[in-house]
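Here the protein sequences come in this chain order: X and C. Residue 84 in the UniProt record's numbering is what sits at position 84 of the first sequence, and the numbering runs on without skipping anything. Residue 45 in the UniProt record's numbering is what sits at position 45 of the second sequence, and the numbering runs on without skipping anything. Below is one structure, written out as C-alpha cells, with a few remarks after it.
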Amino acid sequence: MRGPLLAAAGGAMGGAGGPLARTIRAKLTAALQPTHLEVRDDSPRHGGPPGAETHFGVLVVSGRFAGLPLLQRHRLVHEALRAELAGPLHALQVTARTPQQWQSDPRAPPAPPCLGGSKR
Amino acid sequence: GFSRHLVEILSRHGVAFSSFDVFSDEEVRQGLKSFSNWPTYPQLYVKGELVGGLDIVKELEASGELDTICPKVQKLEDRLKSLINKAPVMLFMKGSKQVTGMGLT
Chain X
1 MRGPLLAAAG GAMGGAGGPL ARTIRAKLTA ALQPTHLEVR DDSPRHGGPP
51 GAETHFGVLV VSGRFAGLPL LQRHRLVHEA LRAELAGPLH ALQVTARTPQ
101 QWQSDPRAPP APPCLGGSKR
Chain C
1 GFSRHLVEIL SRHGVAFSSF DVFSDEEVRQ GLKSFSNWPT YPQLYVKGEL
51 VGGLDIVKEL EASGELDTIC PKVQKLEDRL KSLINKAPVM LFMKGSKQVT
101 GMGLT
C-alpha cells in the first residue's frame, strides 16, 4: 500500500498518524473489533499538504463482515465514522474483508489514482 | 477523480448507463447522501438500488459480478431486430406518415 502506513499489523492502537487517523483507528476498532486494520492517509496524493487528513483509505478485516454483502460492510464502516464523514473526511476508500478472505488473499487494493475533484 | 474512474470501468464493460452531475444541483448532491445513507460520490444505482461506490464496483469487476448485474449497451443487431418487430406491420421510411398527407392513418 502506497502512502504513509499508519498501522502495525494486528490492529494495535499505536500513536502513529495525525489526530484524525487516530480517531478513525479508534472508532473502527471499537465498532468492528478488526483482526487486522490499516489506516492510510491519502491526502498528499490528492494535492493536500502533508498532514491534511482529508482523504483516507482503510483496510478492515473483521468477523463482523461475515455473510454481509459489500454494501452492508461499507455501511458498517461509514456508520462508525459518521461524524468524521460529515466533517473533515472528504473521501474514504474502504476495503472490508472477513478474516477468511484476508487469510486466503492478503492483498489490499492500491489507492486509486487521483484524477481531481472532491468525493462529496 | 473517483467518479471518472468509475465511468471508465462501466465503459470498459459496455454497460449502458446514464449519469447525473451532482455539481449541477446542490439539493440533489446533499439530499441523495441522506436519502440513501451513503456519504460519498460516486454512487452507482442499478434498477433503482444502490450498488455502492468505486471500491465496491471495483470488487464486482474483479469477481465478474459487474457483468451480470449491469445491463449492457444493446448491440445494433438486437436493436434492429427489436425495431422491426415493434408492430405487426412496420414501415421504415424517410419522414413520418403524418407528413406525407397521403391518408395513411
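Backbone N, C-alpha and C fix where the C-beta goes; we use that ideal spot for every residue, glycine too.
Partner residues on chain X for residue i, Cβ-Cβ distance less than 7 Å
i	result
Glu59 (chain C)	Leu70
Residues near residue i by beta carbon distance below 6 Å, same chain, minus five either side
i	result
Pro88 (chain C)	none
Met93 (chain C)	none
Arg79 (chain C)	none
Arg97 (chain X)	Val61
Any C-beta of chain C under 8 Å from that of residue i
i	result
Thr23 (chain X)	no
Leu59 (chain X)	no
Pro49 (chain X)	no
His36 (chain X)	no
Pro44 (chain X)	no
Pro109 (chain X)	yes
Amino acids of chain X, ordered along the chain, whose beta-carbon sits closer than 8 Å to that of residue i
i	result
Gly52 (chain C)	Leu70, Leu71, His74
Ile56 (chain C)	Leu70, Leu71, His74
Own chain partners of residue i with C-beta closer than 8 Å, once the 5 adjacent residues on each side are dropped
i	result
Ser36 (chain C)	Gln43, Leu50
Leu34 (chain X)	Note on identity: in this sequence residue 34 (chain X) is Pro, with Leu being the wrong assignment. Same-chain partners within the cutoff: Gly11, Leu28, Val60, Val61, Ser62.
His13 (chain C)	Glu61, Leu66, Asp67, Cys70, Lys72
Val28 (chain C)	Phe20, Val22
Leu81 (chain X)	Ile24, Lys27, Leu28, Leu89, Leu92
Leu37 (chain X)	Ala7, Gly11, Arg25, Leu28, Thr29, Val58, Leu59, Val60, Val61
Interface flag, residue i vs chain X, CB-CB below 8 Å
i	result
Ile9 (chain C)	no
Pro71 (chain C)	no
Thr40 (chain C)	yes
Phe92 (chain C)	no
Reference residue i, options the options, closest by Cα
i	options	result
His46 (chain X)	C:Gly1, C:Gly95, C:Met93, C:Gln98	C:Gly1
Gly57 (chain X)	X:Pro69, X:Asp105, X:Gln100, X:Pro44	X:Pro44
Ile9 (chain C)	C:Ser24, C:Asp25, C:Trp38, C:Ile56	C:Ile56
Gly17 (chain X)	X:Pro109, X:Ala31, X:Ala108, X:Glu53	X:Glu53
Residues near residue i by beta carbon distance below 7 Å, same chain, minus five either side
i	result
Tyr41 (chain C)	Ser3, Val22
Leu85 (chain X)	His78, Leu92
Pro109 (chain X)	Thr95
Could you run through the segment 81-104 of chain X and flag, in chain order, every residue whose CB is less than 9 Å away from some CB of chain C? Taking 9 Å as the Cβ-Cβ cut-off against chain C, the residues of the segment 81-104 of chain X that qualify are Leu81, Arg82, Leu85, Ala86, Leu89, His90, Ala91, Leu92, Gln93, Val94, Thr95, Ala96.
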